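Scroll down for the structure; my scribbles are underneath it.
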Amino acid sequence: METMTQPNPYQLDESPNPYEPLRAAAPTPEYDSPQPSESPDLSTLPPPTPPTPPTPTPPAYDLTHPAVEIVGLHKSFGDKHAVDNLTMAVPSGCMFGFVGPNGAGKTTTLSMVTGLLRPDYGTIRLLDFDVWEHPVAAKALIGVLPDGLRLFDRLSGLEMLQLSAELHGISPQVAHERAQQLLEALDLAKDADIMVADYSAGMTKKIGLACALVHNPKLLILDEPFEAVDPVSGQVIREILRQFVAAGGTVIMSSHVMELVETLCDVVGVIAAGHLLAAGPLESVRAGKSLQDRFVELVGGRDLDGEGLSWLGQGH
Amino acid sequence: MIKQLGILQLKLTWRELHSSRLTLIVSLLMYLGIVGGVLRASIALADLSDASTASLAAITVAAFGLLTFLWPVSMVFVMGSNEILDPGRFALYPISGRKLLPGLLAAGFLGMGGLCMTILWVGYQIAWSSGSVAVSATALLGYALGFTLCVLSGRTLSALLTKVFAKRKARDVGMVGLMLFIIGLSFLVQMLPMTMGDGEGDIGVSISIESLASGLGGIAAVMSWTPFGWPWAVPAAAAAGNWGLAALFALGTLALLWGLAWVWRREIERGLVSPLEVGGTGERIKGTGWYDRFFPAGPVGSIAKRSMRYWRRDPRRLMGLMSMLLVPVISTVSVLVGINQAGESIDDPVVSIVVSYLPVLFAFMAATATMWDISYDGSALGTQIVAGVDGVTDRRGRAWAALAIFVPLQLVYLLGVFIYFGVWEQFPNVFGLSVAILLGGVGIGSWAGGYWQAAQRPAGQLTFGKSSMVGGGATFLGALVGLLAPLVIVIPTVVCVVFSFWHPWLAAVALLVGVGSGALVLHLGIVLGGRHLDATWPEVLERVTWKG
Numbered sequence: 001m002e003t004m005t006q007p008n009p010y011q012l013d014e015s016p017n018p019y020e021p022l023r024a025a026a027p028t029p030e031y032d033s034p035q036p037s038e039s040p041d042l043s044t045l046p047p048p049t050p051p052t053p054p055t056p057t058p059p060a061y062d063l064t065h066p067a068v069e070i071v072g073l074h075k076s077f078g079d080k081h082a083v084d085n086l087t088m089a090v091p092s093g094c095m096f097g098f099v100g101p102n103g104a105g106k107t108t109t110l111s112m113v114t115g116l117l118r119p120d121y122g123t124i125r126l127l128d129f130d131v132w133e134h135p136v137a138a139k140a141l142i143g144v145l146p147d148g149l150r151l152f153d154r155l156s157g158l159e160m161l162q163l164s165a166e167l168h169g170i171s172p173q174v175a176h177e178r179a180q181q182l183l184e185a186l187d188l189a190k191d192a193d194i195m196v197a198d199y200s201a202g203m204t205k206k207i208g209l210a211c212a213l214v215h216n217p218k219l220l221i222l223d224e225p226f227e228a229v230d231p232v233s234g235q236v237i238r239e240i241l242r243q244f245v246a247a248g249g250t251v252i253m254s255s256h257v258m259e260l261v262e263t264l265c266d267v268v269g270v271i272a273a274g275h276l277l278a279a280g281p282l283e284s285v286r287a288g289k290s291l292q293d294r295f296v297e298l299v300g301g302r303d304l305d306g307e308g309l310s311w312l313g314q315g316h
Numbered sequence: 001m002i003k004q005l006g007i008l009q010l011k012l013t014w015r016e017l018h019s020s021r022l023t024l025i026v027s028l029l030m031y032l033g034i035v036g037g038v039l040r041a042s043i044a045l046a047d048l049s050d051a052s053t054a055s056l057a058a059i060t061v062a063a064f065g066l067l068t069f070l071w072p073v074s075m076v077f078v079m080g081s082n083e084i085l086d087p088g089r090f091a092l093y094p095i096s097g098r099k100l101l102p103g104l105l106a107a108g109f110l111g112m113g114g115l116c117m118t119i120l121w122v123g124y125q126i127a128w129s130s131g132s133v134a135v136s137a138t139a140l141l142g143y144a145l146g147f148t149l150c151v152l153s154g155r156t157l158s159a160l161l162t163k164v165f166a167k168r169k170a171r172d173v174g175m176v177g178l179m180l181f182i183i184g185l186s187f188l189v190q191m192l193p194m195t196m197g198d199g200e201g202d203i204g205v206s207i208s209i210e211s212l213a214s215g216l217g218g219i220a221a222v223m224s225w226t227p228f229g230w231p232w233a234v235p236a237a238a239a240a241g242n243w244g245l246a247a248l249f250a251l252g253t254l255a256l257l258w259g260l261a262w263v264w265r266r267e268i269e270r271g272l273v274s275p276l277e278v279g280g281t282g283e284r285i286k287g288t289g290w291y292d293r294f295f296p297a298g299p300v301g302s303i304a305k306r307s308m309r310y311w312r313r314d315p316r317r318l319m320g321l322m323s324m325l326l327v328p329v330i331s332t333v334s335v336l337v338g339i340n341q342a343g344e345s346i347d348d349p350v351v352s353i354v355v356s357y358l359p360v361l362f363a364f365m366a367a368t369a370t371m372w373d374i375s376y377d378g379s380a381l382g383t384q385i386v387a388g389v390d391g392v393t394d395r396r397g398r399a400w401a402a403l404a405i406f407v408p409l410q411l412v413y414l415l416g417v418f419i420y421f422g423v424w425e426q427f428p429n430v431f432g433l434s435v436a437i438l439l440g441g442v443g444i445g446s447w448a449g450g451y452w453q454a455a456q457r458p459a460g461q462l463t464f465g466k467s468s469m470v471g472g473g474a475t476f477l478g479a480l481v482g483l484l485a486p487l488v489i490v491i492p493t494v495v496c497v498v499f500s501f502w503h504p505w506l507a508a509v510a511l512l513v514g515v516g517s518g519a520l521v522l523h524l525g526i527v528l529g530g531r532h533l534d535a536t537w538p539e540v541l542e543r544v545t546w547k548g
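Chains as they are written, first to last, in our numbering: chain C, 1 to 316; chain Y, 1 to 548.
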């Protein structure tokens, strides 16, 4: 990709310290106050401006014990480097938005983080465990909504949820109770007995999310959780995720809807062509701009050459 | 539009064939075989030019009438995969049904069916060219009408079926129904030679054209008065000098073609405005499985319960189970009919002993049925992987479900045969063998399933007429292991069984050895298969994910 050849201050992949990206990107609490001048020349000074209010200091995240720690992660498919020497950390107790253009390596990274795809090299730690050295222990901590994987769609929604809970060792009674509550919350209660194969795309997404939640994990890894979901259910999901984080859980969600990430996430990572371009608290990553503008700036936006498509909108 | 759709059809067909080298080679070999067979048939047809007009008429009307009947039926088998030019795909374009129909029809003439029909036409035309030019011309007309009838009826039926099969439930039922139809048909074909006499000799060679014609005469007479035979009866009636009847058959076919085109156009227009699958409300699942209480709480039990549900609800699994049930039954019946034909009595003790061993066949299919279990999961296996389920748990859960289904069926089959034939002295032997193969087979399946997987076409698509499993040479090797390994593990039991004919006390040993060896192989299969899975889960997920 063209943009990758340009030096980028957010290019953090070479950083040997996994916590470095967040620290590097975190703003220093510095107040914009007028500096004393030795010989003020009042005639050349611009008219006095009111002092800029201090930017809100982002909450301090615990980086000594991150929820996810990725070091030197790499995955190639043939000649294509889908994820290229990726190093990053996700602090505990935050809502982390993982954003990037199509084909950036988001799903590949999340698949490796969740143990669904073996990396070529690199390490991934989820809380206390290395995913590829202690997969069973690491997976016990996480709830996953993968993108593009089918569910056991010949089960009803209720059965699917119960299976998901019981596979995590939850007793059938508790599994049933939790499944009912989740179905109710996600407006799937009336369709609980219908096979997942007969669900719409949005309903399937919601049941997938419920499966990720039913065993009450410490870390949620959600690939495009709001895709195809209606606005009302979307609002419920936001509430659930906020509640989850408020209670101390960590959420990692991928998306390419910047507005969504901006309103929901407090920490953001931007990936393109398998490289991490920026990571850190939302305010510091977007650097005073909207996340959309900052994102386009980071990944390298393309101006549409208006001449070439000038025929558009002029009839046949 | 005709040109564009024709080119599109050929291009898409070629791309599909070209998707992998293996597909291309297999398809080319298959097509070469078909074309070779059709060429032989065409030459045989051309040879009929020497036969009498009545014989030629009887053979062509019967054969081509049958072909016209089977053409649309064969569409059912390739449904869901052959609709390259599904009208719904044109829904976003400003094209009317009237404009689309000729192009879609023309595209229907292209492809394998069109090629075969063209090759056959050469023989057909030569056969009908021995008489007057007028008769030859009617043969050309009749063939053109007949060929169009084949294509149009096929297209119309598949358009109508698209509507029916838009519902998942209908596809599921259709798939299982089709499989039963095929098994029934193969059973009939198997029984046919037995009921026709000695069943020896090649009928095609030994029967002369005249006797074949006289045999088919009745069928042809009936066929020519059905819509399937009308176009083919045109030259036959003309050659007999009955020009009025020939005109009637031709007009009848034309009217039929017009009617079919009308129905098809209506379906195309419906497809153009409602291309999406009907949503429907979906089927409600009532209550929990009665078998749930037999499995303990925890991952093993939950995998077993899920697997049990899939054996019933997934049409692919249900089809596997049904064929597993039906094949031994059909084999038993075939053997009994064969014995009857050979003039032997079923009460003959040797015959009874032979028949009493047939339930072992059922057990033999256990390994193959179990080993592809994980492949049928497809990418849904990911759900289990992210839950951190270990391999042994997975193997054990699936094995429990398989045994919960196979063991009762095996017992019913065994008891049925023994109660009917009463050769109870063979019971320990047969029981020992069955247990050894059933438990051992599930063990082999558990082990082999951990090593070899193949991507299976997801449930809910009608898969006849198209490969439903992709896995390359490894799949073949896996299948071979699943087939041969049960033969190896059963050797100790077989040795005991054989010697028990001279030393009856060895029958009890056979029973013990059967149960012991079966249980041992089952345990080993679960542990070894499970350990291998633990080391390779991501690769297994990659292999079972259908990318079609």
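Glycine included, each C-beta is placed from N, C-alpha and C at the ideal position. A quick note: this is a predicted structure, and the numbers were derived from the prediction, not measured.
Other residues of its chain near residue i: CB distance less than 6 Å, five sequence neighbours each side excluded
i                 : result
Ser307 of chain Y : Arg398, Ala401
Ser164 of chain C : Cys211, Val214
Gly65 of chain Y  : Met223, Phe228, Gly229, Trp232
Val550 of chain Y : For chain Y, the structure presents residues 1 to 548; residue 550 of chain Y sits outside this window and is missing.
Close beta carbons around residue i, own chain, < 7 Å, minus the five adjacent residues each side
i                 : result
Ser76 of chain C  : Ala82, Asp120
Arg294 of chain C : Val285, Arg286, Ala287
Ile203 of chain Y : In this prediction, Ile203 of chain Y has a pLDDT of 42, which is less than 50 and means its spatial position is unreliable; what the coordinates show is noted afterwards. No residues qualify anywhere along the chain.
Check whether residue i and residue j have beta carbons under 8 Å apart
i                 : j                 : result
Met253 of chain C : Leu222 of chain C : yes
Ile285 of chain Y : Asp191 of chain C : no
Gly443 of chain Y : Ile526 of chain Y : yes
Ser171 of chain C : Lys206 of chain C : no
Val38 of chain Y  : Ile119 of chain Y : yes
Ala127 of chain Y : Ala239 of chain Y : no
Thr68 of chain Y  : Cys150 of chain Y : yes
Lys218 of chain C : Gly388 of chain Y : no
Thr53 of chain Y  : Leu145 of chain Y : no
Gly514 of chain Y : Leu433 of chain Y : yes
Ile43 of chain Y  : Gly123 of chain Y : yes
Leu101 of chain Y : Gln125 of chain Y : no
Leu158 of chain C : Leu183 of chain C : yes
Minimum Cβ-Cβ distance from residue i to chain Y less than 8 Å
i                 : result
Val131 of chain C : no
Ile252 of chain C : no
Ile194 of chain C : yes
His316 of chain C : no
Leu328 of chain C : For chain C, the structure presents residues 1 to 316; residue 328 of chain C sits outside this window and is missing.
Phe152 of chain C : yes
Pro217 of chain C : no
Below-8 Å beta-carbon distance, residue i vs any chain C residue
i                 : result
Leu541 of chain Y : yes
Arg270 of chain Y : no
Ile385 of chain Y : yes
Trp459 of chain Y : Looking at the sequence itself, residue 459 of chain Y is Ala, so the reference to Trp does not match. Yes, because at least one Cβ of chain C sits closer than 8 Å to the Cβ of Ala459 of chain Y.
Gly204 of chain Y : Any reading at Gly204 of chain Y must be qualified, since the residue scores a pLDDT of 42, below 50, and its modelled position is unreliable; the value itself is stated next. Output row for Gly204 of chain Y: interface = no.
Ser132 of chain Y : no
Trp372 of chain Y : no
Unbroken beta strand (DSSP E) run spanning residue i, endpoints
i                 : result
Glu69 of chain C  : 68 to 77
His275 of chain C : 275 to 281
His328 of chain C : Residue 328 of chain C lies beyond the range of chain C shown here (1 to 316); nothing can be said about it.
Gly122 of chain C : 121 to 126
Leu219 of chain C : 219 to 223
Same chain only: Cβ atoms within 8 Å of residue i, ignoring 5 sequence neighbours per side
i                 : result
Phe364 of chain Y : Ile437, Gly441, Pro486
Residue span of the alpha helix (DSSP H) that contains residue i, given as start and end
i                 : result
Asp373 of chain Y : 373 to 377
Ile385 of chain Y : 381 to 386
Leu304 of chain C : Segment: none, Leu304 of chain C is in no alpha helix (DSSP H) and carries neither H nor E.
>> Just to confirm the assignment: which complete alpha helix (DSSP H) runs, minimum length 4, are found wholly within the region 440 to 528 of chain Y?
In response: Here the runs fully enclosed are 473 to 489, 491 to 500.
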